[in-house]
Amino acid sequence: MRKLLVKGCEGLNGEVSVSGSKNSALPILAATILTEGQTTLSSIPNLLDVMTMLKVLRALSIRAEYYHPNQVKIWVGSRVKHVAPYQLVTRMRASFFVIGPILAKMGFAKVPLPGGCAIGSRPVDIHIKGLERLGAKVRMEHGFVVAEAEKLKGEAVHLDFPSVGATETIMMAATLAIGETTINNAAREPEIVDLANFLNKAGAQITGAGSEEIKIEGVKRLTGVNHRIIPDRIEAGTFMAAAAACGGAVTIKEVIPQQLEVAILKMKEAGVEVVTGEDFVTVKSQGRVKAIDLSTLPHPGFPTDLQPQFCSMLCRAEGVSVVKETVFESRFTHLNELKRMGADIKIEGRSAIIKGVERLSSAPVVVSDLRAGAGLVIAALSAVGETLIDDRDRQIERGYENILKKFGGLGADIKVVDEREDQGIPAPHLQGA
Ligand code: UD1
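Right, dumping it as structure tokens:
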């Protein structure tokens, strides 16, 4: 169990560099299964989720090691094991993404169904339908998805929804299929483009990634390569929302500003000053923004992964904001925690009506999922007093590298409260841990 003690601040100031993208790193790690030889991935964020994916790869007989806090080397042979371990896949949904590569390489894959999660049921039906279109026979067996196909065959695949994970599963599986695959209504997130760039370097023939139609001409084999993961746009957006909510001037470095286009537009609409350069974004704010409406959508719409952080920013906005969540069915659990901090929020179905209040005040709150956790940190920083955030499942560490150190560098005071200390037994603070 882990708790964070966050002191309300009068502003955040300074510079912060973002890490490599978690949502790029995870599918690219899964995609190394398709290769043969040595791959070096740099700008890999050092995160719990990445470690889980490395454990999955090792369980498949792949050698995967950190050579530097942000560099991983991976050695893959011509064969991998075809069963992914239950304990790991149920811990992290993204580890289900190994199904496509194992199936394409070995002709047989057995991967546990990912468990439920706090932001919705998150089924994998679109992944499975896509693999079936490529000729796989798929069945459920004691909680595992079992997929078989001696050789996958290229086909036209239409996605009912532009699912990020399903687009990645089908794209990876199709690289070693016979003939051409077309994915229609594909997800267009920058992480899809990064995965396609990685695969193309390894010898795949993919065109159209980043558009709604992706074409993949199957090839016989993929080789190991060197690849640098793109910056984490969600981490960048989190620091933007924090700076806007607390006030101050923060420059977020090593980002690709084009990937933050909607977030920047929404910030400007909220009256926040945003300056962009080639690889940085500077956010200047007085602390109270103007109310705005926003609706989450697949890329290039407003990212659902920034919804909780923007909700926290809007709690103190002047006026009434309406935030609509259209991607996940139950991604509003953080709002009840924000209400405990004095936020005025009404939830109507998939919409949150947020009436801005002058100040939030500290209260003990609980983290339900990764981005909700980031949202609560922002709310706590912009509140009066010291907020105790109970991150019992270490959700925040799943997606934010060195978050305490990074916020500390901007003037925030966030401490890890040792469990013993929480029970009244003194223990040293681990500031910046
Ligand atoms: C990825 C991201 C996650 C982000 C999400 C949406 C990673 C590791 N995670 O998750 O951070 O919030 O995209 O941008 O990249 N769905 C189905 N059936 C399926 C697949 C998805 O109904 O087979 C539904 C989901 O329940 C959800 C919606 O589609 O409501 C979006 O899911 P999807 O785009 O697949 O998200 P993930 O790939 O899981």
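So the number in the numbering used here is just where the residue sits in the sequence shown, counting from 1, plus 48. All C-beta atoms in this analysis are idealised placements derived from N, C-alpha and C, irrespective of residue type, glycine included.
Check, Outcome
"Whole-angstrom distance between I462 and H477, CA atom to CA atom", "In this predicted model, H477 has a pLDDT of only 38, less than 50, meaning its place in the structure is not dependable; the value taken from the coordinates is given anyway. Going by the C-alpha atoms only, they are around 10 Å apart."
"Span separating the alpha-carbon of A293 from that of V337", "7 Å"
"Cβ shell of R281 (< 6 Å), same chain only, five flanking positions each side left out", "Q307 and L308"
"Nonlocal neighbours in the same chain, by C-beta distance under 8 Å from G404, ignoring five residues either side", "R336, A339, L362, C363, R364, A365, E366, G367, V368, S369 and D392"
"Beta-bridge pairing of P279 - partner residues as DSSP gives them", "G68"
"Inter-residue spacing [alpha-carbon to alpha-carbon] between N248 and M389", "48 Å"
"Three-way DSSP call (helix, strand, coil) for S430 in this model", "coil"
"Among K268, K129 and A311, the one whose alpha carbon lies nearest that of G202", "K268"
"Among T87, I437, R440 and A460, nearest to G251 - alpha-carbon criterion", "T87"
"Beta strand (DSSP E) segments (min. 3 residues) lying fully within the segment 102–126", "111–116 and 119–124"
"Within 8 Å, strictly: CB atoms of I278 and M288", "no"
"Ligand 1 heavy atom lying under 7 Å from the CB of P171", "yes"
"N- and C-terminal bounds of the alpha helix (DSSP H) containing H347", "From DSSP, H347 is part of no alpha helix (DSSP H); its letter is neither H nor E."
"DSSP beta-bridge partners of T271", "E84"
"At least three beta-carbon pairs within less than 8 Å, the segment 448–460 to the segment 417–431", "yes"
"Residues that T255 bridges to, as DSSP identifies them", "K263"
"Between the CA atoms of E228 and S378 - distance to the nearest angstrom", "37 Å"
"From V310, L96 and G295, residue whose alpha carbon lies closest to that of G62", "G295"
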